[in-house]
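Undergrad: The following block contains the structure, expressed as structure tokens.
Numbering (our numbering), first residue to last: 697 to 1300.
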């Protein structure tokens, strides 16, 4: 069936209504609709966009940004500690959510990151269960031809198949000489090769698999793998371009009871009635909006917006955590045998590569790789001093922290002090840096420095009772000085890597002369820091706005993902993450969906 119209939904009662047909939402829909006696409705605000070339061709990462047919194109409020500028936060507005617009990187976090969730008060949310669930989400089958494109030491983690789930994984099919040189450069710079990145040990450098179908080389994402195989199910329905406004509730003896979901299609406002549960899977940015519009949240926020308070939960929209990155692009020598993604800037050349894609060839088959996940002591020679400053700051400010924050910081500090790999370098095959534009006809490689363990915390809140009004998104970037100081050392770390053979011999001139966005004139800490605060960008990995924590620690959902004070409202997306992970989040978003499906099936 499952695509329906508003007329099909009116006056019908569903057992489950899922708000958001994204990464976790479609997985949950596919799993719980296996029970043929259960009816499931998925409401998604975006278009289906199924089979759209802009989505399924992996080399077109970024092609959906700012386009309202694909992207929410959120903006933060101006950031005082980032030179007063707002940050761009794209998010998927299609079936599949951000799994339809991400860079197709598949990475699992370190074991310690997931075990931290259990340590913070969530029984069962540990690495053992995470890995068990992940095994049923994605599958990787080695292809000798693809694996042997990489140097021998990098092949070991991918020699054995792993997983048995529907999301398909494969190594990058087209590998550039510059990417191969970067592998050896990481090793020559002293980085270890990650032993088991799929098994919670990503420390070091490795080749990340991509969420691509090895048969047709297209994006393997939530709609293809968790929805389309179930088109025959009469009990599963999906309504697209349906904007969820709020959850309709009534008072119950054991908590607020959801009875329906109000949504809009165009100018028409409708209600989908629910018998069992509402499951919010709208993502870290939109999920808190839905709760607040439903009267669940901080009374001060709700009162300002003119919304009656139904459940007072101060943690709604708080605890927001984000990864940040800074890009350094380097110009390659003329004649370098690399069709980097830079060639796609020429429209005629881009058309030729679109044709090549159908044969599994060309620039559109290129993906970011390799990766390096590093400890603080690896990227910063002053790691001990930075951590001492953090501890001093935390000790002096702990009386001002909201409930639960100090425990989070203690867990973070313990991870960093024990060498957790929270600091990342990604090799991107093209020019993606700012502020300088790439020179026509030139080719580049970009080393992106990403900080995944940040101490700054932000918020996401409504500003009125109108679902169409923009959200107030304030990540508080660099409010915690540690986050900026680590970036300063990571820029220097990348410069050291760029000066290491063999990649150093591949640049046009010396590494500093090849720098397309910094250059030799950035020779002081003050200049580099100003560059960081002017051009550091969100990595679009936001988490934590509806944290899974004990209620007295400012939690919003419990370990069963149920919203405190409600009987039948759950949340299942990256908003429930209590403490952010080091890694790209799609694998973890799917895992959260897997946890949720198990919980729902167990309680049904």
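Ideal Cβ positions, reconstructed from N, Cα and C, are used throughout, including at glycine.
In this structure, how does DSSP classify residue 811 when only helix, strand and coil are distinguished?
TA: When secondary structure is reduced to three states using DSSP, residue 811 falls in the helix class.
Undergrad: Quick check on the DSSP output: what are the complete alpha helix (DSSP H) runs of length 4 or more inside the region 823-888, in order along the chain?
TA: 823-831, 840-843, 848-851 and 873-884
Undergrad: Determine, using beta carbons only, whether residue 1079 and residue 1072 come nearer to each other than 7 Å.
TA: yes
Undergrad: Just to confirm before moving on: does the CB-CB distance between residue 813 and residue 1274 stay below 7 Å?
TA: The Cβ-Cβ distance between residue 813 and residue 1274 falls below 7 Å.
Undergrad: According to DSSP, what are the bridge partners of residue 1262?
TA: 952
Undergrad: How many Å lie between residue 709 and residue 733 at the Cα?
TA: 13 Å
Undergrad: Alpha helix (DSSP H) containing residue 1109: first to last residue?
TA: Looking at the DSSP string, the run of the alpha helix (DSSP H) that includes residue 1109 is 1101-1113.
Undergrad: Can you check whether the CB of residue 974 is closer than 7 Å to the CB of residue 953?
TA: no
Undergrad: Could you check whether residue 931 and residue 1019 sit closer than 7 Å to each other, using their CB atoms as the reference points?
TA: 7 Å or more divides the Cβ of residue 1019 from the Cβ of residue 931.
Undergrad: Measuring straight from C-alpha to C-alpha, what distance separates residue 881 and residue 1065?
TA: 13 Å
Undergrad: Once you ignore the five residues that flank residue 1182 on each side, which residues in its own chain have a CB closer than 8 Å to its CB?
TA: 1072, 1075, 1076, 1082, 1119 and 1147
Undergrad: Is the Cβ-Cβ distance between residue 1301 and residue 942 less than 7 Å?
TA: For the chain, the structure presents residues 697 to 1300; residue 1301 sits outside this window and is missing.
Undergrad: Quick check: what's the CA-CA separation for residue 1288 versus residue 1272?
TA: 9 Å
Undergrad: Would you say the beta carbon of residue 1171 is closer than 6 Å to some non-hydrogen atom of the ligand SAH?
TA: The ligand content of the structure shown is nil, which means the ligand SAH is not present either.
Undergrad: Could you tell me the boundaries of the beta strand (DSSP E) in which residue 1026 lies?
TA: 1020-1027
Undergrad: Pairs of beta-carbons, one from the region 794-805 and one from the region 745-761, closer than 8 Å: are there three or more?
TA: yes
Undergrad: Take the Cβ of residue 1133 as the centre, count every other Cβ of all protein chains shown within 10 Å, and call the residue buried at 16 or more, exposed below.
TA: That one is exposed.
Undergrad: Which whole runs of the alpha helix (DSSP H) in the region 702-767 are 4 residues long or more, in chain order?
TA: 702-705, 719-728 and 749-752
Undergrad: According to the neighbour-count rule (16 or more other Cβ atoms, all chains shown, within 10 Å of its Cβ), is residue 1166 buried or exposed?
TA: Exposed is the label assigned to residue 1166, since fewer than 16 other Cβ atoms lie within 10 Å of its Cβ.
Undergrad: Is the beta carbon of residue 1293 closer than 7 Å to that of residue 1025?
TA: no
Undergrad: DSSP state of residue 964, grouped into three classes?
TA: strand
Undergrad: What are the partner residues of residue 892, as DSSP defines its beta bridges?
TA: 897
Undergrad: Just checking my contact of residue 1069 with residue 1278 at CB under 8 Å: how many whole Å lie between their CB atoms?
TA: Contact holds; Cβ gap of about 6 Å.
Undergrad: In its own chain, which residues sit with a C-beta less than 8 Å from the C-beta of residue 1228, not counting the 5 before and 5 after it?
TA: Contacts found: 1022, 1180, 1183, 1184 and 1187.
Undergrad: Residue 1061 to residue 789, Cα distance in whole Å?
TA: 24 Å
Undergrad: Mind listing, in chain order, the continuous beta strand (DSSP E) runs of no fewer than 3 residues lying wholly within the region 1119-1159?
TA: 1119-1124, 1140-1147 and 1155-1157
Undergrad: Please return the same chain residues whose Cβ sits closer than 6 Å to the Cβ of residue 946, not counting the five positions on each side in sequence.
TA: 953 and 955
Undergrad: Following the continuous beta strand (DSSP E) through residue 942, name the residue where it begins and the one where it ends.
TA: 939-946
Undergrad: Which value, in whole angstroms, describes the spacing of the CA atoms of residue 782 and residue 1240?
TA: Taking the straight line from one Cα to the other gives about 20 Å.
Undergrad: Can you tell which of 763, 777, 807 and 803 has the C-alpha that lies nearest to the C-alpha of residue 786?
TA: The candidate whose alpha carbon is nearest that of residue 786 is 763.
Undergrad: Run through the region 1153-1236 for me and flag every whole alpha helix (DSSP H) of 4 or more residues, listed as ranges in chain order.
TA: 1177-1194, 1207-1210 and 1221-1231
Undergrad: By the three-class DSSP mapping on this structure, what secondary structure does residue 986 have?
TA: helix
Undergrad: Within 10 Å of its beta-carbon, does residue 722 have 16 or more other beta-carbons around it, so buried, or fewer, so exposed?
TA: buried
Undergrad: Rounding to the nearest angstrom, what Cα-Cα distance links residue 791 and residue 935 in this structure?
TA: 10 Å
Undergrad: Determine contact between the region 765-772 and the region 737-747, defined as no fewer than three beta-carbon pairs at a distance below 8 Å.
TA: yes
Undergrad: Name the DSSP beta bridge partners of residue 802, please?
TA: DSSP lists no partner for residue 802.
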